[in-house]
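**Student:** To convert, count from 1 in the sequence shown and add 130; that's this note's numbering.
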Amino acid sequence: MEKDRYDRLTAAGIQVEEALGRFMNNEMLFNRFLEKFADDANYSLLKTAMAEGDAKGAFEAAHTLKGVAGNLSLERLYRAVEKQTEFLRDGRMDQASAVMPEVDAAYAEVTAALKK
Numbered sequence: 131m132e133k134d135r136y137d138r139l140t141a142a143g144i145q146v147e148e149a150l151g152r153f154m155n156n157e158m159l160f161n162r163f164l165e166k167f168a169d170d171a172n173y174s175l176l177k178t179a180m181a182e183g184d185a186k187g188a189f190e191a192a193h194t195l196k197g198v199a200g201n202l203s204l205e206r207l208y209r210a211v212e213k214q215t216e217f218l219r220d221g222r223m224d225q226a227s228a229v230m231p232e233v234d235a236a237y238a239e240v241t242a243a244l245k246k
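Put into structure tokens, the structure is as follows:
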């Protein structure tokens with residue numbers, strides 16, 4: 131992996147070495163999954179469900195996004211969505227809403243790093 135890309139990804143909270151290990155050091159496969167992440171609809175579904183007060187829909191989207199973030203070692207996003215998922219699991223929409231800015235920031239950071 132080019133040093134520039136590696137530095138950009140790690141600066142965005144992506145644990146590249148950990149992720150590459152999960153992908154059996156297949157950098158091309160890891161990059162393909164990172165590209166697919168950019169097209170994943172779960173963040174949009176989460177935003178919509180949160181705006182509509184749909185706790186069940188928000189939980190489903192957050193839980194899926196958490197899994198994807200975990201598998202790709204998107205550490206900051208994973209941690210933020212993990213908190214939100216637990217609040218949603220318990221039906222605590224107010225606390226889940228309070229975490230949304232953290233989720234938004236982590237998601238924006240990852241997607242910006244992937245676009246460069």
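Virtual Cβ for every residue (Gly too), placed ideally from N, Cα, C.
In angstroms, rounded to a whole number, what distance separates the CA positions of K246 and R209?
**Tutor:** On the sequence shown, residue 246 is found 116 positions in, with the first residue counted as 1. On the sequence shown, residue 209 is found 79 positions in, with the first residue counted as 1. Approximately 23 Å, taken between the alpha carbons.
**Student:** Do the stretch 139-149 and the stretch 186-198 touch if we need at least three Cβ pairs shorter than 8 Å?
**Tutor:** no
**Student:** Between the alpha carbons of N201 and L218, how many angstroms are there, rounded?
**Tutor:** Taking the first residue of the sequence shown as 1, we reach residue 201 at position 71. Taking the first residue of the sequence shown as 1, we reach residue 218 at position 88. Using only the alpha carbons, I get a separation of about 21 Å.
**Student:** Can you tell which of L207, G183, F167 has the C-alpha that lies nearest to the C-alpha of S227?
**Tutor:** What you label residue 227 is simply residue 97 of the sequence shown in a count that begins at 1. Closest option to S227, Cα to Cα, is G183.
**Student:** DSSP three-state call for L218: helix, strand or coil?
**Tutor:** Sequence index remark: in the sequence shown, residue 218 carries index 88 (1-based). Residue state, collapsed to three classes: helix.
**Student:** Go through its chain and collect everything with a Cβ distance to A192's Cβ below 7 Å, but skip five positions before and after it.
**Tutor:** Locating residue 192 in the sequence shown gives position 62, counting from the first residue. Excluding residues within five positions, the ones whose Cβ falls inside 7 Å are L176, V211, Q214, T215, L218.
**Student:** Measuring CA to CA, which of M158, N156, Y173 is closest to T241?
**Tutor:** For the purposes of this step, residue 241 is identified with residue 111 of the sequence shown, where counting begins at 1. Among M158, N156, Y173, the Cα nearest to that of T241 belongs to Y173.
**Student:** Which full runs of the alpha helix (DSSP H) of 4+ residues lie inside the stretch 155-241, going along the chain?
**Tutor:** 157-169, 172-182, 185-201, 205-219
**Student:** Could you pull the start and end residues of the alpha helix (DSSP H) that K246 belongs to?
**Tutor:** Looking up residue 246 in the sequence shown gives position 116. For K246, no alpha helix (DSSP H) run applies, since DSSP gives it neither H nor E.
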